[in-house]
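The next block holds one structure in the form of structure tokens; read it before the comments.
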């Protein structure tokens, strides 16, 4: 990808969007993870041993939906003039889903069951973007386990005599940007989804659209 946007902005905004969507679907959509979809294995297993209801089995749909999004992104990416177009599509999906949720969202409605998986679709695109364009952000933006591990290893280097040098100085600020952005997104997503509903995923969608055009 020849075009380069501000990596700090990309890193923070993508991490915020992923944290927001993950927390929003977990809070307001029966504990469904949208960004960290493998977490749904744990939730499903927990539901299963408690005597899973039919809706608990629907969590397994997150995997084919996520896979379809990744395949589509991987197929279209080489044909795009700019890889950032994937973020434009992701933002449009989230914004559109939020708008439709305002119009169609009713307790127990069919749309209420479909909406979380549209968010999963958007997060699949973001996961694919991170894999296809590894230098577009400081670190992976959808799962923080690896980032926290790297940050901890960097901290360990400080405590090891002779390891901490100016030539091998860990990029603390970069890791904190990504982890902090994700945490801020989680807090915002959980609060807004709990109090106002799933339509609030339109907010990170709007943020991604803005990011594309600046």
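In my numbering, the protein residues as written are 3 to 216.
Using N, Cα and C, we set each Cβ at its ideal position, and we do this for glycine too.
Distance check for residue 162 and residue 98, CA to CA, integer angstroms please.
Approximately 50 Å between the Cα atoms of the pair.
Would you mind stating whether residue 92 and residue 191 have Cβ atoms separated by less than 9 Å?
No, the pair does not count as a contact, with Cβ atoms beyond the cut-off.
Once DSSP output is grouped into helix, strand and coil, what is the label at residue 199?
If DSSP states are grouped into helix, strand and coil, residue 199 belongs with coil.
On the three-pair Cβ rule with 8 Å, is the region 131-149 touching the region 179-187?
Contact between the region 131-149 and the region 179-187 is present, with at least three C-beta pairs closer than 8 Å.
Simplified DSSP assignment, three categories, for residue 216:
In this structure, DSSP gives residue 216 a state outside helix and strand, which the three-state scheme calls coil.
Mind checking whether residue 16 and residue 85 have CB atoms under 9 Å apart?
Contact flag unset, no.
Exposure of residue 101, with buried meaning 16 or more beta-carbon neighbours within 10 Å:
Counting the other CB atoms within 10 Å of its CB gives residue 101 a total below 16, which places it among the exposed residues.
Extract the residue ranges of the alpha helix (DSSP H) inside the region 28-80, only unbroken runs of 4 or more that lie entirely within it.
Given a length threshold of 4 residues, each whole run of the alpha helix (DSSP H) inside the region 28-80 is given here in chain order: 41-51, 56-59, 64-78.
Grouping DSSP H, G and I as helix and E and B as strand, with all else coil, what is residue 142?
Residue state, collapsed to three classes: coil.
Inspect the beta-carbon positions of residue 24 and residue 57 and report whether they are closer than 9 Å.
For residue 24 and residue 57, no; Cβs fall outside 9 Å.
Determine whether the Cβ of residue 155 lies closer than 9 Å to any Cβ atom of chain C.
Protein chains in the displayed structure number just one, and chain C is not present.
Reduced DSSP category for residue 108 - H, G, I as helix; E, B as strand; rest coil:
It is coil, neither helix nor strand.
Does residue 66 pass the burial test, meaning 16 or more other C-beta atoms within 10 Å, or should it be called exposed?
Taking all protein chains in view, the Cβ of residue 66 is surrounded by fewer than 16 other Cβ atoms within 10 Å, so the residue is classified as exposed.
To the nearest angstrom, report how far apart residue 75 and residue 49 are at their CA atoms.
Between residue 75 and residue 49, the C-alpha separation is close to 31 Å.
Count the other C-beta atoms from every protein chain shown that fall within 10 angstroms of the C-beta of residue 126, then say buried if there are 16 or more, exposed otherwise.
So residue 126 counts as buried.
Tell whether a beta-carbon distance below 9 Å holds between residue 156 and residue 174.
Cβ atoms of residue 156 and residue 174: closer than 9 Å.
Spatial neighbours of residue 69 in its chain, beta-carbon cut-off 6 Å, leaving aside the 5 residues before and after:
So the list is empty, once near-sequence residues are dropped.
If you draw a straight line from the alpha carbon of residue 213 to that of residue 6, how long is it in whole angstroms?
Approximately 12 Å, taken between the alpha carbons.
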